[in-house]
Each structure stands twice: as C-alpha cells, then as structure tokens.
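434 is the number of the first residue of the sequence shown in the working numbering; add one for each residue after it.
Working notes, beginning with the structure itself.
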Amino acid sequence: MTISLPMYDWPEVRQATDAWAAGVVKHLGTPAKELDRAPDYFSLWRRPDLIFSQTCGYPFTHEFRGRLVYAATPHYAVPGCEGANYCSFIFACEHRPLASFMGGSAAVNNRDSMSGMLALKLVLAPHATNGRFFSEVLETGGHVQSMIAVRDAKADICSIDSVCVALARRYRPDYLDGLVEIARSPM
C-alpha cells in the first residue's frame, strides 16, 4: 500500500511529514510502505495501491473526479488560512496596480493548480481582455520554482498558496527576496 503527502514535503519539515504519515498508517491499521516521495504527483494519484495522499482541489474535482475519495482537509495555522480555507498570495518584484501586469508574464506551478493558476486568473479576471491577460505563462512545476522565477526576473508575477508562503518565510526567506505581495486571492 502507498501513502504520499507531497504538497508541503519540504526538507525542513520532512520529520513532521513522516510523523503525519506514520499516524495515518497507524490510524488506518494498514501496512504501508515507506512514504512515497515520487516527484510526479499525478502518477502517485493514479496508483491503484494508493491508500492516502493529498491533492490540490482542482485536480481532485476534475481530473480525478470519481477516482479519489475525499477524506479530510487539513487546517493550517498560518497567515492566509482560516479553518479549511486558504488564500493565495500574489507576488511581483515591484508593487504596482494589477492591471499594469497585462501583457506580461506569469510563473505558475501548473495550469490546473487552484492556488497557482486559477487563483491568479480569478484575481486578474476583471482586468483581462477577451479572457486574456498574460502574453506568456511559464509552467514551473512547483510553487518554489514560481517564486524563484519571479525573483530572478524570468516572470513578472506568481500566485503562491499561503502554506508555501509560510514555509518560505520560516525556512527559506531567500525564495522571497525581492518579492512584494501585491494582492491576495479570495479564500
């Protein structure tokens, strides 16, 4: 049996992630292999022997609808989270009006991410023309990579979920060096 907790499995909190996984295995009373840390989340979520994992809400309700079973939503005690709800922080290298980013570039973890892409679309929709806003969308593969892309001027703006922002502030403030919060998505 496979268990994975890929969403916030940063090296700095790996011990806590391992403890969470051990608690889940103990609670389920099911023998499980070591926590699977494969980088391809989507392959993990398709495994027939998967007994517990965590996923972004959009893939859960769309691509994996009817394939995965909802069990719980964690409540994170970080800024931008209230109970089971969270917001995304919109970052850029300079504080300016949202509309001024039209025609620029966005760094997104992936195109079906609620926090990284869809939250950004929601915030920018009032400023879009015929459903278009950016001239380029850079798919980075992760929130950390999106922060770094904006920090390193490879993109103009990114949207990062509040738990990743809290982890970066606590353990890797260099990811946020030079970034300013210009907006937050609704919860």
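For each residue, glycine too, the CB sits at the ideal point set by N, CA and C.
Those residues which DSSP pairs with residue 563 across a bridge: Note: residue 563 sits in no beta bridge, so no partner.
Close-in-space but distant-in-sequence residues of the same chain around residue 581 (CB under 7 Å, 5 per side omitted): 608
Should the stretch 533-543 be regarded as contacting the stretch 567-576, the criterion being three or more beta carbon pairs within less than 8 Å? yes
For residue 612, is the classification buried or exposed, using 16 other Cβ atoms within 10 angstroms of its Cβ as the cut-off for buried? So residue 612 ends up on the buried side.
Among the residues of its own chain, which have a CB less than 8 Å from the CB of residue 461, if the five just before and after it don't count? 484, 485
Counting C-beta neighbours from all protein chains within 10 Å, is the total for residue 589 16 or more, i.e. buried, or is it exposed? Here residue 589 is buried. Its C-beta has 16 or more other C-beta atoms within 10 Å.
Can you list, in chain order, the residues of its chain whose CB lies under 7 Å from that of residue 536, leaving out five sequence neighbours each side? Hits under 7 Å: 568.
Tell me the rounded alpha-carbon separation between residue 504 and residue 493. Approximately 12 Å, taken between the alpha carbons.
How is residue 469 classed by DSSP in three states: helix, strand or coil? coil
N-terminal and C-terminal residue of the beta strand (DSSP E) that residue 631 is part of: Lying before the first or after the last residue shown, residue 631 is absent from the chain, which here runs from 434 to 620.
Apart from the five residues just before and just after residue 548, which ones in its own chain have a Cβ nearer than 6 Å to its Cβ? 521, 594
Beta-carbon separation (whole angstroms), residue 482 vs residue 434, contact threshold 8 Å: 5 Å
Give me the Cα-Cα distance between residue 557 and residue 620, rounded to the nearest whole angstrom. 15 Å
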